[in-house]
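Visitor: The structure that follows is given in the form of C-alpha coordinates.
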Amino acid sequence: MKKLIAVLAAAACAIATTTIAATYSTEATMTRQKDKGRYLVDIRVLELVERDGQLTERLVARPRIDSAPGVPASLYQGLQPSHPNYEKEENVTVDVSWPEVGTTDFATCAITVKLGDKVVSKTRMKVTVEEK
865 MKKLIAVLAA
875 AACAIATTTI
885 AATYSTEATM
895 TRQKDKGRYL
905 VDIRVLELVE
915 RDGQLTERLV
925 ARPRIDSAPG
935 VPASLYQGLQ
945 PSHPNYEKEE
955 NVTVDVSWPE
965 VGTTDFATCA
975 ITVKLGDKVV
985 SKTRMKVTVE
995 EK
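Residue numbers (the numbering used here): 865 to 996.
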(Lines of atoms letter the chains of each structure in order from A and count residues from 1; the text may use other names and numbers.)
(Lines give C-alpha, C1' and ligand atoms only; values in the text may rest on other atoms or scores of the structure.)
Protein backbone atom coordinates (compact mmCIF):
# COMPACT_ATOMS: atom_id res chain seq x y z
CA MET A 1 0.00 0.00 0.00
CA LYS A 2 2.85 2.41 0.84
CA LYS A 3 4.39 1.75 -2.60
CA LEU A 4 1.07 2.51 -4.30
CA ILE A 5 0.75 5.80 -2.38
CA ALA A 6 4.35 6.72 -3.24
CA VAL A 7 3.73 5.99 -6.93
CA LEU A 8 0.50 8.02 -6.90
CA ALA A 9 2.25 10.90 -5.09
CA ALA A 10 5.12 10.81 -7.60
CA ALA A 11 2.65 10.77 -10.51
CA ALA A 12 0.75 13.72 -9.01
CA CYS A 13 3.99 15.68 -8.66
CA ALA A 14 4.95 14.86 -12.24
CA ILE A 15 1.54 16.01 -13.50
CA ALA A 16 1.64 19.16 -11.35
CA THR A 17 5.06 20.13 -12.71
CA THR A 18 4.52 22.25 -15.78
CA THR A 19 6.87 23.94 -18.14
CA ILE A 20 6.01 27.57 -18.79
CA ALA A 21 6.43 28.47 -22.45
CA ALA A 22 8.19 31.69 -23.30
CA THR A 23 6.05 34.55 -24.60
CA TYR A 24 7.43 36.87 -27.25
CA SER A 25 6.37 40.31 -28.37
CA THR A 26 7.22 41.49 -31.88
CA GLU A 27 7.16 45.09 -33.07
CA ALA A 28 7.83 46.06 -36.67
CA THR A 29 7.79 49.41 -38.44
CA MET A 30 7.79 49.46 -42.24
CA THR A 31 8.56 52.86 -43.74
CA ARG A 32 8.91 53.96 -47.34
CA GLN A 33 11.72 56.47 -47.80
CA LYS A 34 10.50 58.34 -50.88
CA ASP A 35 13.56 60.60 -51.10
CA LYS A 36 15.91 57.57 -51.23
CA GLY A 37 13.66 55.28 -53.27
CA ARG A 38 13.95 52.59 -50.60
CA TYR A 39 12.06 51.08 -47.71
CA LEU A 40 13.22 50.52 -44.15
CA VAL A 41 11.98 47.84 -41.74
CA ASP A 42 12.83 48.17 -38.04
CA ILE A 43 12.01 45.18 -35.84
CA ARG A 44 12.18 44.52 -32.11
CA VAL A 45 11.71 41.03 -30.72
CA LEU A 46 11.21 40.91 -26.97
CA GLU A 47 10.75 38.01 -24.59
CA LEU A 48 8.20 38.72 -21.87
CA VAL A 49 9.65 37.49 -18.58
CA GLU A 50 8.02 37.41 -15.14
CA ARG A 51 10.35 38.23 -12.24
CA ASP A 52 9.17 38.79 -8.68
CA GLY A 53 5.60 39.15 -9.88
CA GLN A 54 6.55 41.84 -12.40
CA LEU A 55 6.36 41.39 -16.17
CA THR A 56 9.52 42.68 -17.86
CA GLU A 57 10.83 42.64 -21.42
CA ARG A 58 14.17 41.18 -22.51
CA LEU A 59 15.44 42.33 -25.89
CA VAL A 60 16.12 39.25 -28.04
CA ALA A 61 16.95 40.93 -31.35
CA ARG A 62 16.66 44.24 -33.17
CA PRO A 63 17.14 43.52 -36.87
CA ARG A 64 16.85 46.26 -39.50
CA ILE A 65 16.39 45.87 -43.23
CA ASP A 66 16.97 48.58 -45.84
CA SER A 67 16.02 47.55 -49.39
CA ALA A 68 14.58 48.75 -52.69
CA PRO A 69 10.87 48.47 -53.53
CA GLY A 70 10.02 45.39 -55.58
CA VAL A 71 13.01 43.51 -54.14
CA PRO A 72 12.32 40.91 -51.41
CA ALA A 73 14.83 40.87 -48.56
CA SER A 74 15.73 38.43 -45.80
CA LEU A 75 17.84 38.71 -42.68
CA TYR A 76 19.02 36.15 -40.12
CA GLN A 77 20.24 37.23 -36.70
CA GLY A 78 21.59 34.68 -34.24
CA LEU A 79 24.15 31.97 -33.70
CA GLN A 80 25.10 29.51 -36.43
CA PRO A 81 23.95 25.88 -36.00
CA SER A 82 27.56 24.78 -35.42
CA HIS A 83 27.85 27.03 -32.33
CA PRO A 84 27.68 25.08 -29.00
CA ASN A 85 24.95 27.41 -27.60
CA TYR A 86 22.78 27.33 -30.75
CA GLU A 87 20.06 25.20 -29.11
CA LYS A 88 19.92 27.48 -26.03
CA GLU A 89 19.66 30.93 -27.64
CA GLU A 90 17.04 32.54 -29.85
CA ASN A 91 17.67 33.26 -33.51
CA VAL A 92 15.47 35.48 -35.63
CA THR A 93 14.68 35.33 -39.34
CA VAL A 94 12.94 38.24 -41.08
CA ASP A 95 11.51 38.09 -44.61
CA VAL A 96 10.07 41.26 -46.16
CA SER A 97 8.74 42.39 -49.50
CA TRP A 98 7.57 45.76 -50.70
CA PRO A 99 5.69 46.28 -53.96
CA GLU A 100 7.28 48.06 -56.89
CA VAL A 101 6.91 51.83 -57.00
CA GLY A 102 3.75 52.94 -58.79
CA THR A 103 1.70 49.85 -57.85
CA THR A 104 -0.95 49.31 -55.22
CA ASP A 105 -0.20 46.08 -53.44
CA PHE A 106 0.76 44.61 -50.09
CA ALA A 107 3.98 44.94 -48.17
CA THR A 108 4.62 41.86 -46.06
CA CYS A 109 6.87 41.14 -43.12
CA ALA A 110 7.31 37.66 -41.61
CA ILE A 111 9.30 37.26 -38.39
CA THR A 112 10.24 33.83 -37.06
CA VAL A 113 11.86 33.32 -33.66
CA LYS A 114 13.51 29.97 -33.02
CA LEU A 115 15.25 28.43 -30.05
CA GLY A 116 17.81 26.36 -31.92
CA ASP A 117 15.72 24.73 -34.66
CA LYS A 118 12.41 24.85 -32.72
CA VAL A 119 9.98 27.62 -33.76
CA VAL A 120 8.84 29.46 -30.62
CA SER A 121 7.12 32.46 -32.25
CA LYS A 122 5.96 33.40 -35.72
CA THR A 123 4.44 36.72 -36.78
CA ARG A 124 3.26 37.82 -40.21
CA MET A 125 2.07 41.30 -41.13
CA LYS A 126 0.48 42.42 -44.34
CA VAL A 127 0.14 46.15 -45.01
CA THR A 128 -1.65 47.82 -47.91
CA VAL A 129 0.62 50.17 -49.85
CA GLU A 130 -1.10 52.77 -51.97
CA GLU A 131 0.99 54.90 -54.30
CA LYS A 132 -0.37 58.42 -54.93
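Every residue gets a Cβ at the ideal spot worked out from N, C-alpha and C, and that includes glycine.
Just list the beta strand (DSSP E) runs in the region 921-980, keeping only unbroken ones of 3 residues or longer that don't cross its boundaries, in chain order.
Guide: 928-931, 937-941, 954-961 and 969-979
Visitor: When you compare the region 887-907 with the region 923-930, are there three or more beta-carbon pairs, one atom per stretch, that lie closer than 8 Å?
Guide: yes
Visitor: Is DSSP giving Asp-899 helix, strand or coil here?
Guide: coil
Visitor: Residues bridged to Ala-892 by DSSP?
Guide: Within the DSSP secondary-structure output, Ala-892 pairs in a beta bridge with Ile-907.
Visitor: So, at 6 Å on beta carbons, what are the nonlocal neighbours of Glu-951 in its own chain, with the 5 sequence-adjacent residues on each side left out?
Guide: Correct list, in chain order: Gly-980.
Visitor: Count the other C-beta atoms from every protein chain shown that fall within 10 angstroms of the C-beta of Val-960, then say buried if there are 16 or more, exposed otherwise.
Guide: buried
Visitor: Should Glu-954 be labelled buried (16 or more other beta-carbon atoms within 10 Å of its own) or exposed?
Guide: buried
Visitor: Leaving out five residues on either side along the sequence, give the residues of the same chain with a beta carbon under 7 Å from the beta carbon of Asp-969.
Guide: Pro-963 and Val-993
Visitor: Figure out for me which residue from Gln-897, Met-989, Asp-899 and Ala-892 has the closest Cα to the Cα of Leu-910.
Guide: Ala-892
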